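What follows is one structure encoded as structure tokens, with my remarks underneath.
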Amino acid sequence: MHRLLRALATIEICRELDDGAFEITPMGTLLRTDAPQSLRSWTIWWAHHLSPVWDRLLDSVKTGRSARALLAGTEGFAHLDRDPDMAALFNRAMAELTRLTADSVVQAYGFSGLTRIVDVGGGYGELLAAILTANRSASGVLFDLPHAIAGGRRRLEEAGLAGRCEFVAGDFFEAVPGGGDAYVLKHVIHDWNDEHGARILESCRGAMASDARLLLVEQILPDRLVASSTHRSAARSDLTMLVAHAAGERTEAEFRRLLGAAGFRVARVVPAGGLLGVIEALPRR
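Residue numbers (the working numbering): 91 to 375.
Put into structure tokens, the structure is as follows:
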């Protein structure tokens with residue numbers, strides 16, 4: 091144990107004191123369940139479920155297929171449907187990552203004037219909670235697969251926001267709830283190739299009134315990557331989408347093409363910190 095703790099001190103998880111004891115560092119605190127910015131579930135998800143598919147990166151590069159499909163024979167998120175514990179870990183991990191950027195997204199876009207916001211593929215509702223907290227006259231609809239909805243209800247109840255929300259289970263490839271004046275998809279489209287991404291966008295388009303808006307919250311790749319920490323993180327995310335889903339991050343031009351093919355026109359792109367942006371798109375008439 092001493093040797094392990096000593097090694098962890100070299101990566102700032104803990105530090106060794108003069109008396110030989112160890113104490114946790116701010117970095118190590120992120121592995122605590124009760125830390126405000128905990129990344130415990132994301133760390134476990136990466137170690138147990140992303141690391142094995144990254145080991146098959148070469149196969150994905152050669153074939154264009156996801157390593158998960160090659161290893162487990164499942165596409166998309168089908169692996170979560172058959173393992174409730176894995177699904178819960180995944181949803182907690184996604185909530186942790188969303189918590190890191192939700193406030194910056196809300197501050198950048200504002201969401202003022204919107205009265206009914208449909209969070210498509212919203213998981214445990216972390217972004218929707220931030221939007222509703224900042225916009226007290228708005229109501230929300232949390233829409234995701236059944237394995238996410240119960241956790242989303244608990245999260246919004248804890249935030250005192252459940253009374254302003256509807257919770258709808260369903261499949262966004264088939265249909266999404268109607269009646270929203272904004273449809274938010276955070277880090278949804280990057281999980282899918284262009285064919286499947288277009289189907290999701292078309293489902294949203296079919297539910298939207300002519301004056302509703304679509305809001306994609308996504309990492310937007312620059313046209314060229316260079317040697318920087320921001321671009322390194324983007325490249326890692328892009329390759330993770332390849333090995334996990336045979337999908338990837340997109341440039342603004344690629345988002346515009348995909349949205350145009352699904353019947354939308356881009357009204358504006360709002361920067362939300364780093365490479366994150368809110369792409370506002372309107373139904374094309």
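The C-beta atom is built at its ideal place from N, Cα and C for all residues, glycine as well. Just so you know, these numbers come straight off a predicted model, no measurement behind them.
Using the C-alpha atoms, what's the distance from L121 back to V271?
Correcting the residue identity first, residue 271 is Asp in this sequence and not Val. Near 38 angstroms, if we compare the C-alpha coordinates of L121 and D271.
Contacts around V195, its chain only, beta-carbon distance under 6 angstroms, and the 5 residues preceding and following it disregarded:
V307 and A362
Within the same chain, show all residues whose beta-carbon is closer than 8 angstroms to that of R189, passing over the 5 residues directly before and after it, in chain order.
Q127 and E216
Whole-angstrom distance between R358 and G350, CA atom to CA atom:
14 angstroms
Which class does G367 belong to by DSSP, given the choice of helix, strand or coil?
strand
In chain order, which beta strand (DSSP E) runs of at least 3 residues are fully inside the region 168 to 241?
The region 168 to 241 contains these whole beta strand (DSSP E) runs: 206 to 210 and 229 to 234.
Kindly confirm or deny that the region 227 to 240 and the region 291 to 301 touch, where touching means at least three C-beta pairs closer than 8 angstroms.
no
Can you round the beta-carbon distance between G367 and V356 to whole angstroms, since I take them to be within the 8 angstroms contact cut?
Contact flag wrong, Cβ pair sits at about 11 angstroms.
Contact between the region 97 to 109 and the region 145 to 156 is defined here as three or more beta-carbon pairs at a separation below 8 angstroms; is this criterion met?
no
Where W282 and H335 are concerned, what is the direct C-alpha to C-alpha distance, given to the nearest angstrom?
7 angstroms
Only counting runs of 3 or more residues, tell me where the beta strand (DSSP E) segments fall wholly within the region 322 to 362, in order along the chain.
354 to 361
Whose CA, out of T223, Q309, L94 and G269, lies closest to the CA of L343?
This sequence places Ala at residue 343; Leu is not what is there. The option with the nearest alpha carbon to A343 is Q309.
Is the separation between the beta-carbon of V143 and that of A157 shorter than 7 angstroms?
yes
Kindly list the residues whose CB is nearer than 8 angstroms to the CB of A198, restricted to its own chain and excluding five residues on each side of it in sequence; keep chain order.
Excluding the 5 residues flanking it on each side, A198 has same chain C-beta neighbours closer than 8 angstroms at V360, P361, A362, G363 and V368, in chain order.
Please tell me whether L275 and V210 are closer than 7 angstroms, where the distance is taken between their beta carbons.
Between L275 and V210, the gap from beta carbon to beta carbon is short of 7 angstroms.
Among H237, S202, G242 and I239, the one whose alpha carbon lies nearest that of S227
Of the candidates H237, S202, G242 and I239, the one whose C-alpha sits nearest the C-alpha of S227 is S202.
Could you give the uninterrupted runs of the beta strand (DSSP E) lying entirely in the region 240 to 327, keeping only those of 3 residues or more?
255 to 259, 272 to 276 and 303 to 311
Rounded to the nearest angstrom, what separates S323 and E339 at their Cα positions?
11 angstroms
Quick one: grab the DSSP three-state call for L372.
Correct three-state label for L372: strand.
Taking a contact to mean a Cβ-Cβ separation below 7 angstroms, would you say D284 touches L348 in this structure?
yes
Whole angstroms are fine: how far does the CA of S327 sit from the CA of I207?
27 angstroms
As a quick exercise: from R243, L161 and H277, pick the residue whose alpha carbon is nearest that of L147.
L161
Can you find at least 3 beta carbon pairs, one from the region 105 to 124 and one from the region 161 to 177, that sit closer than 8 angstroms?
no
According to DSSP, is I114 helix, strand or coil?
strand
C-alpha distance - H286 paired with R295, whole-angstrom precision
14 angstroms
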